[in-house]
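Only one structure is covered here, and it is reproduced in the block below.
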Amino acid sequence: MKDIEIAQKCTMEPIGEVAKRAGLTEDEIDQYGKYKAKISLPLKDHEPTKRKLVLVTAINPTPAGEGKSTVTVGLADAMQLRNKKTMIALREPSLGPVMGMKGGATGGGYSQVVPMEDINLHFTGDMHALTAANNTLAALIDNHIHQGNQLGIDQRRVIWKRVVDINDRALRHVVVGLGGPTSGVPREDGFDITVASELMAIICLAKDIADLKNRIGRIVIGYTFDRQPVTVDQLGVTGAIAVLLKDAIKPNLVQTLAHTPAVIHGGPFANIAHGCNSVFATKTCLDLADYTITEAGFGADLGAEKFLDIKAPVLGKTPDAVVIVATVRALKMNGGVSKKELDAENVAAVEQGYANLRKHVQNMQRYGLPVLVALNRFVQDTDAELQKIQELCEQDGTKAFVCDVWAKGGNGALELADAVVEACDKKTEFKPLYGSDDEVEVKIEKIVREIYGGDGVEFGPKAKKQLVQFHKLGWDKLPVCMAKTQFSLSDDASLLGAPTGFTIHVREFVPKLGAGFLVALTGNVLTMPGLPKVPAAMGINLTDEGVIEGLY
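Laid out in structure tokens, this is it:
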């Protein structure tokens, strides 16, 4: 049975009942129909909890699939079966992957969050609000230039792009303002995908409404003719942009198939943004539950690193344990097996591809955190392949647990759940990757050498000029958000496993002062993806009875 068919056959609880189980009162939620709700902020008068936080991450993604969200949901349901009050904090899916290649982001099989169709499509409108707010700011910038340009903005140096929440390569580079004097000032522009917008990062990192407004006000939208940065506060539109986000800042409450409360909010990609759900969402779960299971996008080299080095300092809490998701199929691909040959048993390829998993385990252990491995089982996996991975993990000082959560839901992760509880009770001493006072170059060097396993960094001509400028402006000690291919530890998508001897190439920086970090664009990574030759959209349909088909 397909994921969507499983989801459509389930019986959901009214969202009010889910909220009550989570510990929320009627006054603390705004219902969006029967099965979705917004959580009002801030929460008040809730009893303190044990506040255990579990971060779920993964090896580098492959076309074979890993199932990080599926394991996250299955683990949470397993924790509930063990009578541990648990909640999930996930990101919202983007229409880019849903209509493109990756598909949705609500888990799979019997480990899903529901209503999956709503969550994967328009949900509660957060993505649309972000898109509107982002493009309103773009319109206000161009209007300011057209109406006399009192701030002296150099239209050649406007860095604020428009956005749309779909993969659309044709919009990467555009020209606006054509049509004569009444249509504005012509200039080059471009579109990013909505999830790469700085406003998305701000929503995900803001601690309260005051912090949200401060961060919006700090956004650098471009530079003057004498190369000085121009901010949203200087434009005088901070309040207007904040108003457009007044509902989008509230976390969304839904449920798993097993009725575990799930908070889904924010959706930055981890390859071009910081890849974590909102501080609002994670803190809400920590306020209400004994155990919060959260995830960070793509492999641990991207989402998990950014969770630990960018989000955790804002959240004020580091994970008590880390779970790394891997599959036999993905390790075989890292071991050189083609996608067509993945169904055949190949223990040697598993052993060869294990290098990728080992590197991610070592990276998370480097932060001083307990690390467990979840082997997301596929039907074709053989006992010999699974046992080989468990043996290799044991040799490296960690434990791997076979999880059959797609087919069995929480019952397929009970052993992992027990191990997570045990790991969370261990005393740990978190070790940051870099110091807050380290300069940008030092931070990038540490990420490249210690997390990616590379030999060093090469800065392109534009990046070098920007670094000189950042030092003058006092931006040289901000955290760094690496924009890099998700398919490899390097910036070359074809280098699988655990490559060595490579150099990371930083071609350009994008300052995001509102978010509080600098984005380093590496290799040929793009902030506006394109659709594949056969996009997922071609298999999606709405029947005459109003039933959605083909969504996954």
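When you line the sequence shown up against my numbering, it's residues 1130 to 1681, in that order.
Cβ coordinates follow ideal geometry from the N, Cα and C atoms, glycine included.
| Check | Outcome |
| --- | --- |
| Bounding residues of the alpha helix (DSSP H) (the contiguous stretch that carries residue 1462) | 1457-1463 |
| Under the three-state DSSP convention, the category residue 1595 falls into | helix |
| Cβ-Cβ separation, residue 1322 to residue 1656 (assumed contact under 8 angstroms), whole Å | 7 angstroms |
| Rounded C-alpha distance that separates residue 1411 from residue 1206 | 17 angstroms |
| CB of residue 1463 within 7 angstroms of CB of residue 1427, strictly | no |
| CA-to-CA distance, residue 1148 to residue 1416, given in whole angstroms | 13 angstroms |
| Touching by the beta-carbon criterion (3+ pairs, under 8 angstroms), the stretch 1613-1622 and the stretch 1651-1667 | yes |
| Cα-Cα separation, residue 1136 to residue 1424 | 21 angstroms |
| Under 7 angstroms between C-beta atoms of residue 1633 and residue 1571 | no |
| Identified DSSP bridge partners for residue 1555 | Answer is none; residue 1555 lacks a bridge partner. |
| Option nearest residue 1430 by Cα separation, candidates 1662, 1610, 1681, 1300 | 1610 |
| Cα-Cα separation, residue 1344 to residue 1508 | 47 angstroms |
| Meets three-Cβ-pair contact criterion under 8 angstroms: the stretch 1628-1646 and the stretch 1570-1584 | yes |
| Proximity of residue 1422 and residue 1217 at Cβ, strictly below 7 angstroms | yes |
| Buried versus exposed, by CB contacts within 10 Å (16 or more), residue 1403 | buried |
| Of the residues 1170, 1144, 1534, the one placed nearest residue 1160, counting alpha carbons only | 1144 |
| Per-residue DSSP class, three states only, for residue 1312 | helix |
| Same chain, Cβ closer than 6 angstroms to residue 1302, neighbours up to 5 away in sequence not counted | 1319 |
| Ranges of the alpha helix (DSSP H) found wholly within the stretch 1261-1336, counting only runs of at least 4 | 1327-1334 |
| Whether residue 1458 touches residue 1193 by CB criterion (7 angstroms) | yes |
| Rounded separation between residue 1180 and residue 1418 - CA only | 7 angstroms |
| Beta carbon of residue 1189 nearer than 7 angstroms to that of residue 1475 | no |
| Continuous beta strand (DSSP E) stretch holding residue 1489: start and end | First-last for residue 1489: 1476-1495, but that is the alpha helix (DSSP H), not the beta strand (DSSP E). |
| Nearest neighbour of residue 1290, chosen from 1313, 1615, 1326, 1541 [CA to CA] | 1326 |
| Residue 1671 beta carbon less than 7 angstroms from that of residue 1229 | no |
| Outcome for residue 1208 when other beta-carbon atoms lying within 10 angstroms are tallied against a minimum of 16 | buried |
| Under 7 angstroms between C-beta atoms of residue 1166 and residue 1374 | no |
| Cβ pair residue 1336, residue 1408 closer than 7 angstroms | yes |
| Under 7 angstroms between C-beta atoms of residue 1677 and residue 1246 | yes |
| Residue 1181 (DSSP reduced to helix, strand or coil) | strand |
| Identity of the residues DSSP links to residue 1352 by a beta bridge | 1358 |
| Three-way DSSP call (helix, strand, coil) for residue 1615 in this model | coil |
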